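Quick note: the sequence shown uses the numbering used here, first residue 102, plus one each step. Structure record follows, encoded as structure tokens.
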Amino acid sequence: MMPSLSALRVFEAAARLNSFSRAADELHVTHAAVSHQIRLLEDWFGRPLFLREKRTVRLVPDATVLAQTLSVSLARIEAETRAFRMKATGELTVACIASIATRWLIPALPEFLSANPDINLRVVYAMGEQRFREGDCDVLITLGEDRSETRESTWLFSRANRPVVSPAYLAQRGMPDTAEAIAAADLLHDETPDRWLNWCRTAGLHPDGPLRGPVFQDFNLLATAVIAGHGIALCPTEVFRRELDNGDLVILSDIETLTDESYFLVTARPASAAAVKFRDWFCGLAGRFRESG
Numbered sequence: 102m103m104p105s106l107s108a109l110r111v112f113e114a115a116a117r118l119n120s121f122s123r124a125a126d127e128l129h130v131t132h133a134a135v136s137h138q139i140r141l142l143e144d145w146f147g148r149p150l151f152l153r154e155k156r157t158v159r160l161v162p163d164a165t166v167l168a169q170t171l172s173v174s175l176a177r178i179e180a181e182t183r184a185f186r187m188k189a190t191g192e193l194t195v196a197c198i199a200s201i202a203t204r205w206l207i208p209a210l211p212e213f214l215s216a217n218p219d220i221n222l223r224v225v226y227a228m229g230e231q232r233f234r235e236g237d238c239d240v241l242i243t244l245g246e247d248r249s250e251t252r253e254s255t256w257l258f259s260r261a262n263r264p265v266v267s268p269a270y271l272a273q274r275g276m277p278d279t280a281e282a283i284a285a286a287d288l289l290h291d292e293t294p295d296r297w298l299n300w301c302r303t304a305g306l307h308p309d310g311p312l313r314g315p316v317f318q319d320f321n322l323l324a325t326a327v328i329a330g331h332g333i334a335l336c337p338t339e340v341f342r343r344e345l346d347n348g349d350l351v352i353l354s355d356i357e358t359l360t361d362e363s364y365f366l367v368t369a370r371p372a373s374a375a376a377v378k379f380r381d382w383f384c385g386l387a388g389r390f391r392e393s394g
């Protein structure tokens, strides 16, 4: 006899996240439901599984191996069931953050679909901080690496940001050939002026007041504005590799920020055959563009 699989799944999520609330969010249940399942499991074992603290929970030391074993086992079960379903439906779900989806993935998709007519591809948006979770997608293209044992992360390219501008803007305003001139130009901001402020500090500048210029809530809105010639944007140059190669944008300075961050493609370990095909294709695409740059 073994405890309820539902209770074990709740326990694994709470142990991994060190939080009943976050486990509830991940599993799409209430906090009370998580607490109830944990109590049932503790009754079954006849001992506490967590140390309850003010705003978090922590595994009792003896339960660590159980939690790790469940994490690996549940991940394997999800991978196998999804692979089995994939054989029947041929469906592959790719979750991708908006900047990569619009500038990289979607323009190149016909190549993949032509080479893999047996795969029914579904593309969905991923949030910036989203982590890979089987059942939600087969492939995740996102910012940051997933180092868990049940995931495989493949490096795509750097997030390093540099100032970029359209030739149309330069034709009207002239070339800002120093860091000071760039900082004094028409700056376009992605969500917050803080990124430009960080660039200024990296360049050895210390602005006296707040940096001016429109703030765009969405990265694709910022991309549209900079390509249209509205000003200078601080952007990950590899994301804009197509526009740079085509001459639609120009890099103004070698001074860069966010050099320690990168984009990754994440799959389950092991991945389905279709996910492997997609990974090999997309990583090859990224490699070709890196070589062109």
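Positions of the beta carbon are idealized from the N, C-alpha and C atoms, including for glycine. In this text the structure is predicted, and so the values were computed from the model without any measurement.
For E192, the enclosing beta strand (DSSP E) begins and ends at 192 to 198. DSSP places D287 outside both helix and strand once states are collapsed to three, so it counts as coil. Around the beta carbon of T358, a 10 Å sphere encloses 16 or more other beta carbons of the protein chains shown; the residue is thus reported as buried. Cα atoms of Y364 and E113: separation of roughly 28 Å, rounded to the nearest angstrom. Under the three-state reduction of DSSP output, F379 falls in the helix class. When DSSP reads this structure, S215 sits in no beta bridge, so it has no partner. In the displayed model, I333 falls within a strand according to three-state DSSP. Counting along the chain, V135 sits inside the alpha helix (DSSP H) bounded by residues 132 to 146. Boundaries of the alpha helix (DSSP H) around W297: 295 to 303. Under the 10 Å beta carbon count, N347 is surrounded by fewer than 16 other beta carbons and is classified as exposed. In the three-state reduction of the DSSP assignment, P104 falls in the coil class. The distance from the Cβ of T194 to that of R234 is about 12 Å, inconsistent with a contact at the 8 Å cut-off. Cβ-Cβ separation between A326 and D239: approximately 34 Å, too far for a contact (criterion under 8 Å).
When the alpha-carbon of R263 is set against those of A133, I220, T255, C336, the nearest one is in C336.
Bounds of any alpha helix (DSSP H) do not take in L160; it lies within the beta strand (DSSP E) bounded by 158 to 160.
For S122, the uninterrupted alpha helix (DSSP H) run begins and ends at 121 to 128, by DSSP. Relative to P104, the option among D126, E127, Q138 whose CA is nearest is Q138.
Between the alpha carbons of T182 and E250 lies a distance of about 19 Å.
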